[in-house]
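Beneath this line is the structure, given in structure tokens, with notes to follow.
Number of protein chains: 6
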Amino acid sequence: MYAIRLGDDGAELRPLEPWHAEEFLAHLDRGRDFVNQYIPFGSRATDVTTAREALQRYADMRAADTASVHGLWLDGTLVGGVLTLNFDAANGSCEVGCWLEPAATGRGLVTRAMRVLIDWAVEQRGIHRVEWVAASGNTASIAVARRLGMTRDGVRRAAHLHHGVRHDLEVWSVLAPEWRARDRHPDPR
Amino acid sequence: MYAIRLGDDGAELRPLEPWHAEEFLAHLDRGRDFVNQYIPFGSRATDVTTAREALQRYADMRAADTASVHGLWLDGTLVGGVLTLNFDAANGSCEVGCWLEPAATGRGLVTRAMRVLIDWAVEQRGIHRVEWVAASGNTASIAVARRLGMTRDGVRRAAHLHHGVRHDLEVWSVLAPEWRARDRHPDPR
Amino acid sequence: MYAIRLGDDGAELRPLEPWHAEEFLAHLDRGRDFVNQYIPFGSRATDVTTAREALQRYADMRAADTASVHGLWLDGTLVGGVLTLNFDAANGSCEVGCWLEPAATGRGLVTRAMRVLIDWAVEQRGIHRVEWVAASGNTASIAVARRLGMTRDGVRRAAHLHHGVRHDLEVWSVLAPEWRARDRHPDPR
Amino acid sequence: MYAIRLGDDGAELRPLEPWHAEEFLAHLDRGRDFVNQYIPFGSRATDVTTAREALQRYADMRAADTASVHGLWLDGTLVGGVLTLNFDAANGSCEVGCWLEPAATGRGLVTRAMRVLIDWAVEQRGIHRVEWVAASGNTASIAVARRLGMTRDGVRRAAHLHHGVRHDLEVWSVLAPEWRARDRHPDPR
Amino acid sequence: MYAIRLGDDGAELRPLEPWHAEEFLAHLDRGRDFVNQYIPFGSRATDVTTAREALQRYADMRAADTASVHGLWLDGTLVGGVLTLNFDAANGSCEVGCWLEPAATGRGLVTRAMRVLIDWAVEQRGIHRVEWVAASGNTASIAVARRLGMTRDGVRRAAHLHHGVRHDLEVWSVLAPEWRARDRHPDPR
Amino acid sequence: MYAIRLGDDGAELRPLEPWHAEEFLAHLDRGRDFVNQYIPFGSRATDVTTAREALQRYADMRAADTASVHGLWLDGTLVGGVLTLNFDAANGSCEVGCWLEPAATGRGLVTRAMRVLIDWAVEQRGIHRVEWVAASGNTASIAVARRLGMTRDGVRRAAHLHHGVRHDLEVWSVLAPEWRARDRHPDPR
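Protein chains in written order, with the numbering used here: chain A, 10 to 198; chain B, 10 to 198; chain C, 10 to 198; chain D, 10 to 198; chain E, 10 to 198; chain F, 10 to 198.
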């Protein structure tokens, strides 16, 4: 029942929950190869049952306040999403991430959603450090981190095994004071 | 981060979650006697730890898709809430309920919130029967059921023991077709 | 090892437990269509493994003191049973129910067993309200409620989805003082 | 609701369940020193909460079909009980045991109850070997084993630490064919 | 990473853990009929998944300090193992056991490993009674008990059902003072 | 029972397990302030019960193959330890860490233990990337990473809240080929 309008083009952010299993599966089936290029997101969700299990894992993490997943709907179609991971309110840190099906790229959907998500983490939940992790070759993902005003903290060499290949993982972050300063002087994009 | 405006008077509906424990406790402390007149809602939440446990039980039920709890904020202060209980998507049925602190009564907050909640249950989740249960003496609660266009199904005699007294429980309900018809011809209130 | 004679016709009431799985399955196979006319009782128990799982669910609820299931044996053959559900000793309330295979109907088996079960609930466990729930079309079940001296509390409209059809559920009940009064002045049946 | 008369002196065997916590505690308080002479039975049950926990552990084992506990009532007072332990239907073996408060000794209560329990284990549940374990110094317990027609299998030296002292444990047993033969030619006691 | 040399013939004792599943399976496949002559050890481990599950059960018991399993490697090949069972530090008692594939017999591997294991149990963990259980027909196993200086406590008649046949189980034991005395005056073997 | 000699000075590496609770507590009590300067290791272990709980958490993670903890004993006294964390055999990555009480510093104990641990991770468990994380101010810890031939991957800014202060976390790593190359050309230390 909750939804956040992300602009005038029909883009909305909503909680993504186990009862969306069929919609989630249809979305994955449209974007599976693209989504799984660098990350295994949703790769175990290959039918309605496993799609529900994937969403249930997020629902359980949300109940434990360690993660949350939010879908991006465009004109009523689920086309991707953003999420928090390793959410640790006591330590004031979390990771954020995203995924999109190909048809939804190029519109700044993730950047718009991420601003809402990071605002909430920083202002409502007291998160001090928001982290972004991306395979070094995933230039689109790294571009989002840069667009969000993040700083590159380093490269965890060979940290991720995906489809039999070892990938370096870039670690980017934005701290609460940086995020707030940027809010006052937004970049022209 | 999600919020639904319920009107122009600063009333909002938001997910109520374990991290709201301190706010939830302060709210209960303002309204405990009033809230617990007919129902034990929040009665075990007497400090921050037990307030968090109470909200955690709802968070776990939400993860299991059997209940959900939503807070009512008035000008930024938590003043009550609405909830689903015994949510059974396969059977197409659920119960709904509410609570308010005294200062927030008389504004139709619950009725407004309940319309959003029932709309979601009926239109998004396929619920066919929405049930309302209230002690026979709880005239304020029964008035809400009537205002929502519900029908009285019966009285479960002596079904609820509260503060050492047995209460009859009135059962009211609205079915999906009735809810939709009412949407097209809303009552003048 | 426990058994309660219900009369001179070889009818006995005994705890029905997971180790009865084969006997329970054979009984269900004789009465499945009849038993499942209005309720899904035992419908998931289609082989010895699932029959044991069904009985295990009751065994777990019995350990939690929230339900109990008792078989009816006629001349050594399991032909049906009675059960408590939503047993809530703190609130002083429970639901009771029953099922029979066709060959065992017409002998008052359920009524006899139910008297034993309700006596125990009321006199041993302090239950104040015993509830009976039946689909409106299930005249046989409703006749038992009437025979037990219960009162119709109301009709939960469209509350039960069974085999794709919505059924109204009648709610009947007997309260402890009524039950005890009836014991002193039993009806002539 | 289940009860088995053990004779004409008002002795009955009934399932002992968590809701008997207060009655169980009162009984233990009358017999604690006597009962705990050789075994720790009930020693952790020192108030209603811990008494309920002790009975809950048995309830959980009963649900798992690995143990069961049955109270002995004499003229309506709980005075002791018998139990199965390490119940293993697949292997056809179990242990049985007992406890009594002092006022209930000398009446053969345990022997009578044990005959019912072993009959059930052997004839209903297919147990081939029923084992009895007693500290070597516990002559009363060993006398029961002998009275039940059991054979001494051996002595597990120093196997039990109780109140800071190591006790040898005698192991006695009766096998199904022996039990049945004894039924046909009962001893004169 | 831990390993204990058991002599100059390349025999080593190491923790056997879930990640050894493939090696464990290959070993079982070489010795299954021999190992399962009297005991069901590893009989459910018939592919890598079930082999890992079998080792996981031991890993969980080790975490609970109720059992431990240690592999015997001969020149880098897993050929058998020793284990503790029913480990009860509070009571000062445990059971020990072993298994070997045929090619590894006749070298005293188990006896050597068992001395290390019992030394640890007695001297590090305060175990007073170490028990050995073997089917009466398992002369090789009983010979090890004798070689370890154990005493026969008795015979639990018909206590073990294996492959449809009931076996008597011999119970042997060694107590801490006996074990220490033997250390000072080792037998000539 | 397992132990690995780390040199001629009486230093040994052994599994650290829940039954070491008293020894672990005494060790922490000698070094608590020093150990907790940059990390919360053992800070919740303030009596025997909480010390056992701390070790039990590691035991459970070890059973799940996600972590392991190993104590360093010097002449029979527990003086510190090394551990694996976030052990992920499927991904080929893990973190390693350490702690020491003050009296045990300056002897290269951790470096020696770490070589054994990393050798095992890389050669036995197929770990490709071994990570070391240290607060930027923890020069002693960073010196160990350097001594182990690790490379600094970056600095996760403000990632760790400890004693109310935010610390940058340096991330160092060594990859399997680097580790093996270093084995062939060890540094002169």
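Quick reminder that beta carbons are idealized off the backbone N, C-alpha and C, glycines included.
All of these numbers come straight from a predicted model, not from anything done at the bench.
Contacts around residue i, its chain only, beta-carbon distance under 6 Å, and the 5 residues preceding and following it disregarded
{"i": "alanine 168/B", "result": "Leu178"}
{"i": "threonine 75/A", "result": "Phe96"}
{"i": "alanine 60/B", "result": "Ala30, Phe33, Leu34, Ala54"}
{"i": "asparagine 147/F", "result": "Tyr47"}
{"i": "glutamine 133/E", "result": "none"}
Neighbour-count burial assignment, residue i, 16 or more Cβ in a 10 Å radius
{"i": "histidine 29/F", "result": "buried"}
{"i": "proline 186/B", "result": "exposed"}
{"i": "alanine 54/D", "result": "buried"}
{"i": "glycine 51/A", "result": "buried"}
{"i": "glycine 101/C", "result": "buried"}
{"i": "valine 57/A", "result": "exposed"}
{"i": "proline 27/B", "result": "buried"}
{"i": "glycine 40/C", "result": "buried"}
{"i": "arginine 155/A", "result": "exposed"}
{"i": "alanine 12/B", "result": "exposed"}
{"i": "arginine 198/A", "result": "Its pLDDT being 46, under 50, arginine 198/A is placed unreliably by the model, and the measurement read from it follows with that caveat. Exposed: under 16 other Cβ atoms inside 10 Å."}
Proximity of residue i and residue j at Cβ, strictly below 8 Å
{"i": "cysteine 107/D", "j": "glycine 89/D", "result": "yes"}
{"i": "valine 174/D", "j": "threonine 120/D", "result": "no"}
{"i": "aspartate 162/B", "j": "tryptophan 181/B", "result": "yes"}
{"i": "alanine 72/E", "j": "alanine 72/F", "result": "yes"}
{"i": "alanine 122/F", "j": "leucine 15/F", "result": "yes"}
Rounded distance between the beta-carbons of residue j and residue i, thought under 8 Å
{"i": "arginine 166/E", "j": "tryptophan 82/E", "result": "With 8 Å as the limit, arginine 166/E and tryptophan 82/E do not qualify as a contact, their Cβ atoms being about 37 Å apart."}
{"i": "tryptophan 141/E", "j": "valine 164/E", "result": "Not confirmed; about 13 Å, so no contact."}
{"i": "leucine 118/B", "j": "alanine 20/B", "result": "6 Å"}
{"i": "arginine 116/B", "j": "aspartate 18/B", "result": "7 Å"}
Own chain partners of residue i with C-beta closer than 7 Å, once the 5 adjacent residues on each side are dropped
{"i": "alanine 130/F", "result": "Thr93, Cys103, Ile136, Val139"}
{"i": "valine 125/B", "result": "Ile13, Leu22"}
Cβ neighbours of residue i in the same chain (closer than 8 Å, five flanking residues each side left out)
{"i": "alanine 144/D", "result": "Tyr47, Ile48, Ser150, His169, His171, His176, Asp177, Leu178, Glu179"}
{"i": "glycine 158/B", "result": "Val183, Glu187, Trp188, Arg191, Asp196"}
{"i": "leucine 25/C", "result": "Phe33, Leu64, Tyr67, Val78, His79, Gly80, Leu87, Gly90"}
{"i": "glutamate 62/C", "result": "Arg53, Ala54"}
The ligand GDP heavy atom lying under 7 Å from the CB of residue i
{"i": "arginine 41/E", "result": "Of the ligands one can find in the structure shown there are none, so the ligand GDP has no counterpart to examine."}
Item checked: Contact the region 110-119 of chain C vs the region 66-80 of chain C: 3+ CB pairs below 8 Å -> A contact between stretches requires three or more CB pairs, one per stretch, nearer than 8 Å, and the region 110-119 of chain C fails this requirement with the region 66-80 of chain C.
Notebook entry, point to check: Three or more C-beta pairs closer than 8 Å, one from the region 34-46 of chain F and one from the region 95-102 of chain F: is that the case here?
Noted result: Touching, no, given that fewer than three Cβ pairs across the two stretches are closer than 8 Å.
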